[in-house]
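A short write-up of the structure that comes next.
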Amino acid sequence: MTIKINPLKPEKRQSCPEEFSFGVTFSDHMFTQEFDEGKGWHDALISPYHSLLLAPSAAVFHYSQEIFEGLKAYRKPSGGINLFRPQENVKRFNRSAKRMVMPEIEEDFHLEAIKSLVNLDQNWVPDKEGSSLYIRPTMIATSPKLGLGASSSYTHFIIAGPAGSYFKEGLSPISVYVADEYRRAVKGGVGEAKTGGNYAASLYASEDVIKLGYSQVLWLDAIEGRFIEEVGAMNICFVYEGTHIYTPSLSGSILPGITRDSILKLAPTLGYEISEQRLDIEQILADIDSGKITEVFGCGTAAVIAPVGKLSFKSKEYVINNNQAGEVAKRLHDELTGIQYGTREDKFGWIESI
Ligand code: PLP
Ligand code: COI
0 MTIKINPLKP EKRQSCPEEF SFGVTFSDHM FTQEFDEGKG WHDALISPYH SLLLAPSAAV
60 FHYSQEIFEG LKAYRKPSGG INLFRPQENV KRFNRSAKRM VMPEIEEDFH LEAIKSLVNL
120 DQNWVPDKEG SSLYIRPTMI ATSPKLGLGA SSSYTHFIIA GPAGSYFKEG LSPISVYVAD
180 EYRRAVKGGV GEAKTGGNYA ASLYASEDVI KLGYSQVLWL DAIEGRFIEE VGAMNICFVY
240 EGTHIYTPSL SGSILPGITR DSILKLAPTL GYEISEQRLD IEQILADIDS GKITEVFGCG
300 TAAVIAPVGK LSFKSKEYVI NNNQAGEVAK RLHDELTGIQ YGTREDKFGW IESI
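Take the sequence shown: its letter number 105 is residue 104 in numbering that gives the first Met the number 0, and every next letter is one higher.
Written out as structure tokens, the structure reads:
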């Protein structure tokens with residue numbers, strides 16, 4: 000299938016504004032295609048950013064059959080634009096689609112759609128340090144029917160918008176609240192799919208802790224309430240003695256983060272040991288108290304690498320590294336973003352240039 004391009008007239012096109020914050024401003028164009036049972040995907044189109052017209056009975060509004068992805072385009076200081084491991088996003092999109100009984104999208108075609116959109120809207124890729132164009136591929140169920148069952152029609156769209164720091168703290172450490180009452184996902188459920196319902200389910204606890212001054216919730220496993228899973232919008236890592244990085248193993252209920260995977264591959268090349276295993280919250284808190292844990296940081300596409308300066312659990316606060324960003328997080332941040340912006344060697348072949 001070819002992608003039809005219906006661009007804005009050159010005089011109507013805009014470029015990235017001077018000031019922006021994550022996820023509120025969108026570029027000039029978007030990609031859309033439609034799926035109908037018996038017909039497959041059709042009408043691939045890049046056209047000006049617009050609202051969608053959907054029946055109030057569309058399945059997505061009632062039963063949340065929806066998936067999404069998040070990836071970024073980075074402007075190289077030397078010119079040109081980089082995408083970071085976009086194949087992993089289109090693969091994960093298909094894994095999420097399968098879990099949510101939605102039609103898959105041919106990986107190369109999905110990548111072509113992302114690249115064509117970024118190429119057309121390249122004026123929107125910011126050049127401010129630490130900024131990027133955040134790309135959001137999404138699929139929604141559109142069948143106008145209230146009977147419970149998989150939809151027979153879907154819309155796939157891709158939008159993009161400039162992004163700076165995800166947290167108001169910037170690169171300063173964030174405070175994280177460990178949920179003791181609420182749970183995000185359970186093994187056998189949809190926690191490892193990138194589907195909106197996981198995020199909707201997290202809002203009740205997240206909004207409560209934001210009022211208390213915390214940025215995110217750290218979720219524990221839903222069966223024993225004991226093992227660490229992930230943070231609202233990122234995976235999490237614990238650094239022991241400045242040398243050994245631990246992150247929860249993929250339990251089936253956490254999102255297999257692409258940033259997490261990149262850290263697991265990158266860290267050993269910088270001399271760090273890495274372990275993926277079940278991490279008991281009580282042990283982790285004891286190891287923070289005893290000083291064995293020297294750093295904690297979250298990692299994700301939107302968040303990049305976010306040092307965690309405080310963890311709160313059952314009304315007690317645990318301060319990590321004097322609430323300062325640590326050396327390991329800083330080094331990994333610099334190495335990872337260096338690869339993304341093309342200022343450091345891409346030994347892993349992670350970059351796709353546009
Ligand atoms: N966990 C959750 C719940 C997320 O929303 C994200 C962000 O996408 C991540 C982890 C990190 O995943 P990635 O590194 O692929 O962005
Ligand atoms: C991302 O990091 O891409 C995400 O999807 C997290 C989202 C909650 C902003």
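Cβ coordinates follow ideal geometry from the N, Cα and C atoms, glycine included.
| Check | Outcome |
| --- | --- |
| Cβ-based neighbour list, Ser151, same chain, cut-off 8 Å, excluding 5 preceding and 5 following | Asp35, Glu36 and Ser142 |
| For Met233, the residue or residues it bridges with in DSSP | Val230 |
| Coarse secondary structure for Ser174, derived from DSSP in three states | strand |
| Start-to-end residues for the alpha helix (DSSP H) that takes in Glu106 | Glu106 to Leu119 |
| Ala301: CB within 8 Å of a non-hydrogen atom of the ligand PLP | yes |
| Length-filtered (3 minimum) beta strand (DSSP E) runs lying within the region 161 to 207 | 173 to 177 |
| heavy atom of the ligand COI below 8 Å from Gly290 C-beta | no |
| Minimum C-alpha distance to Phe21 - residue among Leu331, Ser201, Gly241 and Tyr165 | Tyr165 |
| Thr242, buried or exposed, once every other Cβ within 10 Å from all chains shown has been counted against 16 | exposed |
| Below-9 Å beta-carbon distance, Ile283 vs any chain D residue | The structure shown contains no chain D; it holds only a single protein chain. |
| Cross-strand partners of Arg40 (DSSP beta bridge) | For the sequence presented, residue 40 should be read as Trp rather than Arg. DSSP output for Trp40 lists Phe34 as bridge partner(s). |
| When Ile173, Ile209, Asn88 and His155 are compared against Ala140, the one with the closest alpha-carbon | His155 |
| Residue range of the alpha helix (DSSP H) that includes Val327 | Glu326 to Gln339 |
| Distance cut-off 8 Å: Leu355 Cβ against heavy atoms of the ligand COI | The first residue shown for the chain is 0 and the last is 353, placing residue 355 beyond what the model contains. |
| DSSP three-state assignment for Asn5, whether helix, strand or coil | coil |
| Cutoff 6 Å; reference Tyr317; Cβ partners in own chain excluding five residues on either side | Leu284, Ile287 and Leu310 |
| Any non-hydrogen atom of the ligand PLP closer than 8 Å to Ile244 Cβ | no |
| contact_flag[the region 167 to 177, the region 66 to 84] where n(CB pairs < 8 Å) is 3 or more | no |
| Ile350 to Phe67 span [Cα, whole Å] | 21 Å |
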